[in-house]
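Number of protein chains: 2
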Amino acid sequence: MKIFTFWRSLATYRVRMALNLKGMKPEEITVDLFAGHQMKPEFAAVNPMKAIPVLIDDDGTTLHQSMAIMEYLDEKYPIPPLMPRDPAGRARVRALSMMTVADAHPLVVPRIRSDLASRFGASPEQVTKWAQHWLGSGLDAYEAMLSRDKATGDYCHGDKITLADICLVSHCVGIRFFEGTYDHHPTVKRIVDLCLADEAIARAHPLKQPGAPKPA
Amino acid sequence: MKIFTFWRSLATYRVRMALNLKGMKPEEITVDLFAGHQMKPEFAAVNPMKAIPVLIDDDGTTLHQSMAIMEYLDEKYPIPPLMPRDPAGRARVRALSMMTVADAHPLVVPRIRSDLASRFGASPEQVTKWAQHWLGSGLDAYEAMLSRDKATGDYCHGDKITLADICLVSHCVGIRFFEGTYDHHPTVKRIVDLCLADEAIARAHPLKQPGAPKPA
């Protein structure tokens with residue numbers, strides 16, 4: 199199994215958490231997003247979306263899109279499960295996951311940040327405020343949903359880590375990259391801090407990956 | 199079963215196609231997105247994301263996020279199936295779906311279009327170009343993926359309609375709302391035109407819903 203990865207990619211971070219939780223360690227191939235290597239023809243041949251992560255399973259199956267990859271991993275390598283078994287619970291976990299994957303994260307990826315600068319003349323400060331705004335709106339919605347629903351447990355859905363926790367962790371670690379915080383969202387903070395204390399999740403942190411900047 | 203809906207919402211359109219294909223007809227409750235009714239406190243109590251669709255199943259289960267709702271419908275009401283059965287096929291269908299749901303569509307929803315205007319002073323023409331650009335990039339990626347992969351059949355994945363087709367149709371009908379076209383993407387066009395000839399899909403079209411503008 200191989201994964202195309204980059205330390206700073208939040209989508210890759212999600213898949214890395216899932217792999218770690220399942221005890222899997224694919225070979226890593228770095229695609230330097232900051233240097234634009236995802237645009238190279240040889241990578242576009244792997245993924246025409248020019249995005250990571252891409253996972254290649256041992257039988258050659260090539261997978262992209264973090265949510266699709268994580269659901270695949272959970273179907274093919276079901277221990278430990280990262281999804282509940284009942285349709286309503288699965289829908290809740292997927293919906294919570296999508297609040298990051300389909301609502302907030304797409305707005306702050308590198309191609310959007312650079313497009314805001316070139317198309318609308320956005321300054322770096324304006325781009326940071328844009329990212330803070332959308333990730334912050336997502337946090338408000340997470341807090342409202344998680345705090346009011348009795349299906350919330352130690353984690354987003356009951357007392358086991360699911361894909362919803364993985365997505366929420368990527369959201370909250372992501373907001374720190376844009377000088378934001380999740381400290382003022384108490385239910386979110388309780389869950390994310392518990393997740394980050396898990397060894398498999400802690401080890402997946404972007405700043406612990408090859409190529410990441412060293413702490414000052 | 200009840201659905202909170204609006205004729206122009208592409209996410210609701212996706213769920214409506216899935217419901218029609220499964221022969222289900224929930225009671226419809228209109229949330230006028232153009233009038234900002236999704237921001238009203240009584241709707242925010244239903245969905246703190248202030249977004250539609252929201253589906254309420256007969257047992258009171260409240261669901262949001264188009265992809266999560268469609269997967270739920272397919273798990274709970276499996277005939278006809280809208281997902282393949284093998285993990286690799288399911289991952290491919292999900293990844294193709296996410297190209298709309300998680301890559302392109304989040305960039306062109308009303309809250310983003312109005313934020314571009316207020317935050318960066320984008321003119322209506324610039325907002326239209328923004329939408330054309332991101333939906334167009336998505337079409338290029340779809341064409342590259344669908345044309346090269348032998349898993350593509352009459353439809354996106356083999357010879358049956360799946361969630362990938364539903365998402366692609368919403369993408370292509372969506373680009374027309376922004377004065378764009380999918381006519382120059384031959385594999386996409388072949389598949390979407392075949393889908394639009396399906397009675398259940400045709401009936402779900404935004405312009406056929408209550409409140410939609412009448413043809414001139």
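Chains as they are written, first to last, in our numbering: chain A, 199 to 414; chain B, 199 to 414. C-beta atoms are modelled at their ideal positions from N, C-alpha and C, and glycine is treated no differently.
Residue i and residue j closer than 8 Å at C-beta
i: P239(A); j: F202(A); result: no
i: L305(A); j: D352(A); result: no
i: S295(B); j: C365(B); result: yes
i: M297(A); j: L361(A); result: no
i: H331(A); j: V371(A); result: no
i: Q263(B); j: K248(B); result: no
i: K327(A); j: P285(B); result: no
i: L314(A); j: I373(A); result: no
i: F376(A); j: A329(A); result: yes
Proximity to residue i [Cα-Cα], best of the options
i: M343(A); options: P384(A), T259(A), G319(A) and K220(A); result: P384(A)
i: G258(B); options: V244(B), A249(B) and P404(B); result: V244(B)
i: S368(B); options: D272(B), A242(B), Y270(B) and H303(B); result: H303(B)
i: R206(A); options: K200(A), M222(A) and G234(A); result: G234(A)
i: R212(B); options: D256(B), R346(B), L394(B) and S335(B); result: L394(B)
i: K358(A); options: R311(A), L333(A), V390(A) and G409(A); result: V390(A)
i: S335(B); options: Y380(B), P413(B) and P246(B); result: Y380(B)
i: D338(A); options: Q407(A), H382(A) and P408(A); result: H382(A)
i: I399(A); options: N218(A), E323(A) and L208(A); result: N218(A)
i: A209(B); options: D301(A), R317(A) and G378(A); result: D301(A)
i: K348(A); options: G287(A), I227(A) and E226(A); result: G287(A)
i: G378(B); options: A293(B), F318(B), E323(B) and V229(B); result: E323(B)
i: T350(A); options: L405(A), V229(A) and R388(A); result: R388(A)
i: A293(B); options: A289(A), G319(A), A293(A) and P246(A); result: P246(A)
Where the beta strand (DSSP E) containing residue i begins and where it ends
i: L253(B); result: V252 to I254
i: H355(B); result: That residue, H355(B), is in no beta strand (DSSP E); it is neither H nor E in DSSP.
i: K327(B); result: K327(B) -> not in any beta strand (DSSP E); alpha helix (DSSP H) instead, spanning P322 to R346.
Boundaries (first-last residue) of the alpha helix (DSSP H) holding residue i
i: I277(B); result: Premise fails: I277(B) is in no alpha helix (DSSP H) and is neither H nor E.
i: E397(B); result: E397 to A400
i: T203(A); result: Looking at the DSSP string, T203(A) is not in any alpha helix (DSSP H); the run it does join, the beta strand (DSSP E), is K200 to T203.
i: I227(B); result: Unbroken run through I227(B) is the beta strand (DSSP E), E225 to T228; no alpha helix (DSSP H).
i: T305(B); result: It should be pointed out that residue 305(B) corresponds to Leu in this sequence rather than to Thr. Segment: none, L305(B) is in no alpha helix (DSSP H) and carries neither H nor E.
i: M296(A); result: P285 to M296
i: P239(B); result: P239 to A242
Residue i (DSSP reduced to helix, strand or coil)
i: T385(B); result: helix
i: L261(A); result: strand
i: F430(A); result: Here chain A has residues from 199 to 414 only, and residue 430(A) is not among them.
i: T210(A); result: helix
i: Y380(B); result: coil
i: I373(B); result: helix
i: I359(B); result: coil
i: P404(B); result: helix
i: N245(A); result: coil
i: M222(B); result: coil
i: L394(B); result: helix
i: A410(A); result: coil
i: L231(B); result: coil
i: A266(A); result: helix
i: A216(A); result: helix
8 Å CB neighbourhood of residue i in its chain, flanking five on each side removed
i: I277(B); result: K220
i: V291(A); result: M281, P282, C354, H355, T360, L361 and A362
i: V386(B); result: L337, Y340, E341, L344, L366, C370 and Y380
i: L261(A); result: V252, L253, I254, D255, I267 and Y270
i: M222(B); result: M199, L271 and Y275
i: I227(B); result: K200, I201, F202 and T203
i: V229(A); result: F202, T203, F204, H235, Q236, F241 and I250
Contact set for residue i: own chain, Cβ-Cβ below 7 Å, skip 5 residues either direction
i: M265(A); result: S295 and V299
i: V325(A); result: R311, L314 and A315
i: Q407(A); result: W205
i: P279(A); result: D272
i: P413(A); result: none
Neighbourhood of residue i by C-beta distance below 6 Å, restricted to the same chain and skipping five residues each side
i: P308(A); result: L231
i: A242(A); result: K248
i: D256(A); result: M199
i: M215(B); result: I364, I399 and A402
i: P224(B); result: M199, K200 and I201
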